[in-house]
Every structure is written in C-alpha cells, then in structure tokens.
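Below is one structure, written out as structure tokens; comments come after it.
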Amino acid sequence: MESSTAPTRKPPLSSLKPSSQDASPFFSIPGELRNRIYRLVLVKEHDVLVSHTGYTRSGLLGVCQQIAAEATAIYYEENTFQSLVTDYDSQVMYDLCRHLNAMKQRGLSVRIQGTFSLNSWSPTPSWKNLMLWLKRYFHREVTCGMVWGPIAARLLLRDEITFYTIGAMFSTAKALTDKVSWDTVEKALETSRQTLIHIDPAWRDD
Numbered sequence: 001m002e003s004s005t006a007p008t009r010k011p012p013l014s015s016l017k018p019s020s021q022d023a024s025p026f027f028s029i030p031g032e033l034r035n036r037i038y039r040l041v042l043v044k045e046h047d048v049l050v051s052h053t054g055y056t057r058s059g060l061l062g063v064c065q066q067i068a069a070e071a072t073a074i075y076y077e078e079n080t081f082q083s084l085v086t087d088y089d090s091q092v093m094y095d096l097c098r099h100l101n102a103m104k105q106r107g108l109s110v111r112i113q114g115t116f117s118l119n120s121w122s123p124t125p126s127w128k129n130l131m132l133w134l135k136r137y138f139h140r141e142v143t144c145g146m147v148w149g150p151i152a153a154r155l156l157l158r159d160e161i162t163f164y165t166i167g168a169m170f171s172t173a174k175a176l177t178d179k180v181s182w183d184t185v186e187k188a189l190e191t192s193r194q195t196l197i198h199i200d201p202a203w204r205d206d
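Each residue of the sequence shown is one higher than the one before, starting from 1 at the first, in UniProt numbering.
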C-alpha cells in the first residue's frame with residue numbers, strides 16, 4: 001500500500017546524482033522503521049512502466065545521498081519493471097540494465113537480476129531486432145528473454161508455433177552462453193528463421 005509520495009518525474013535511464021543535505025532528525029529513527037517508510041513510499045502495487053523515454057521514479061531518491069544509499073535497492077529490488085517490447089526491440093531493457101550496472105559500479109547495492117514483466121506481443125516481425133535481443137541475452141547484457149508457453153500465446157492472440165520457436169531460440173542462446181562464440185550461436189539460430197518465415201513471410205524482410 002502506498003502513502004503519499006514526493007513529486008515524481010520521469011528521468012532518462014542514465015544515473016541520477018542525489019543532492020547532498022545536512023543530517024536530518026529522520027536518520028535518528030531506527031533503520032528498520034526507516035525501511036518501512038521507504039517501502040510505503042517506493043514499493044508500488046502496480047508495475048513500474050519502463051519506456052524509451054524513461055520511467056517514473058519517486059523524488060525521495062533524490063533528496064540526499066544517504067536516502068539514496070539506503071532506499072535505492074528497495075526501489076529496484078522490490079518493484080516489478082514492465083517493459084513493452086515492440087517489434088522485438090530490446091533497447092529499453094538494454095538501457096535499464098546498463099543503468100542498474102552503473103549504479104552498482106557507484107557502490108549502490110542493486111540486484112542486477114531485476115524482475116521484468118514482459119509484454120512481448122509484436123505485430124511486426126523483425127529478424128534484425130530479434131537477433132540483437134538474442135545476442136544481448138547471450139552476452140548477459142539484458143536479463144530477460146522471451147520464453148512462452150501455449151497459454152501466453154493464446155492470451156496474446158498469436159500463433160503458438162511462433163512463440164515456441166522464439167522461446168526455443170532463447171533457450172538455445174542461454175544454454176550455450178560461456179560455451180561457444182556468438183557467431184556459432186547465430187549460425188545455429190539462423191535455422192529457425194525458415195520456420196518463422198513459413199508462419200509469417202514478413203520475417204524475411206530484414
């Protein structure tokens with residue numbers, strides 16, 4: 001359940017530097033109670049929508065460095081980030097993962113294996129985008145692939161074979177990570193393109 005929050009803004013996915021501030025009586029409150037307050041403000045009942053323009057983040061995280069250090073991990077570890085994948089474009093996920101890695105490099109305790117809720121319905125097939133997504137997944141530059149079963153396929157009104165085929169491609173990329181080169185994986189994945197073209201000739205376009 002959320003309490004009233006500080007004004008929010010929609011920052012880019014680059015790192016934000018909180019302002020410094022003199023010690024506040026707030027920090028005399030026991031840490032356990034501070035964490036409860038942080039969760040009331042920061043943890044959402046709904047997913048945090050991440051788009052190409054960024055995402056909405058509470059102004060609380062920019063109040064001062066100590067609050068940022070204490071509360072940033074709560075925000076990123078305990079919320080679900082929903083990324084709408086359009087035309088199999090993984091750029092939003094890629095930018096967010098880079099953002100989280102940058103914060104980790106600054107010493108913030110952020111779990112990089114964040115939870116993404118993916119809506120991967122895509123009306124326009126794009127082999128180029130799909131292969132870039134797979135390459136990033138293979139190199140662990142994004143944390144989420146596209147693995148769907150028949151229920152998800154029916155809910156998204158797409159042909160089950162498409163989702164099984166693409167899901168198998170991501171499973172292959174994951175299984176071969178750290179074992180062979182990306183060039184080897186790419187050649188293996190090319191064999192799935194003919195299956196996708198048979199389902200929808202648009203997969204041939206790029």
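For glycine and all other residues, C-beta sits at the position ideal for the given N, C-alpha and C.
Neighbourhood of residue i by C-beta, 6 Å cutoff - its chain only, sequence neighbours within 5 removed
i, result
"Asn-129", "Asp-87, Tyr-88 and Asp-89"
"Gly-145", "Tyr-137 and Phe-170"
"Val-63", "none"
"Tyr-75", "Leu-42"
"Tyr-38", "Ala-71 and Ile-74"
"Thr-124", "Asp-87"
"Lys-187", "none"
For residue j and residue i, the rounded distance between their alpha carbons
i, j, result
"Trp-203", "Asn-79", "35 Å"
"Asn-35", "Ser-171", "38 Å"
"Ala-168", "Arg-106", "36 Å"
"Arg-193", "Val-50", "29 Å"
"Leu-40", "Val-185", "45 Å"
"Leu-61", "Ala-68", "5 Å"
"Thr-115", "Ser-28", "At Thr-115 the pLDDT is 47, less than 50, meaning the model places this residue with poor confidence and gives no usable figure here."
"Gly-54", "Phe-81", "11 Å"
"Ala-173", "Ser-83", "21 Å"
"Glu-32", "Thr-56", "26 Å"
"Gln-66", "Glu-77", "18 Å"
"Leu-157", "Asp-183", "In this prediction, Leu-157 scores a pLDDT of 47, lower than 50, which makes its location untrustworthy; the coordinate-derived value is nonetheless stated afterwards. Approximately 33 Å between the Cα atoms of the pair."
"Leu-189", "Ser-24", "56 Å"
"Ile-199", "Thr-191", "14 Å"
Same chain, Cβ closer than 8 Å to residue i, neighbours up to 5 away in sequence not counted
i, result
"Val-142", "Ser-90, Met-93, Tyr-94, Cys-97, Trp-133 and Arg-136"
"Thr-195", "Ile-161 and Thr-165"
"Asp-47", "Asn-79, Thr-80, Phe-81, Gln-82 and Ser-117"
Terminal residues of the alpha helix (DSSP H) in which residue i lies
i, result
"Ser-171", "160-176"
"Tyr-88", "Looking at the DSSP string, Tyr-88 is not in any alpha helix (DSSP H), and its letter there is neither H nor E."
"Thr-124", "Note, Thr-124: premise wrong, no alpha helix (DSSP H); not H, not E."
"Thr-72", "65-78"
"Ile-29", "First-last for Ile-29: undefined, no H or E at that position."
"Lys-179", "No alpha helix (DSSP H) holds Lys-179; DSSP gives it neither H nor E."
One or two residues paired with residue i in a DSSP bridge
i, result
"Val-50", "Ser-83"
Same chain only: Cβ atoms within 7 Å of residue i, ignoring 5 sequence neighbours per side
i, result
"Ser-126", "Asp-87, Tyr-88 and Asp-206"
Handout entry: the segment 175-183 contacting the segment 91-111, beta-carbon criterion three pairs below 8 Å
Key = no
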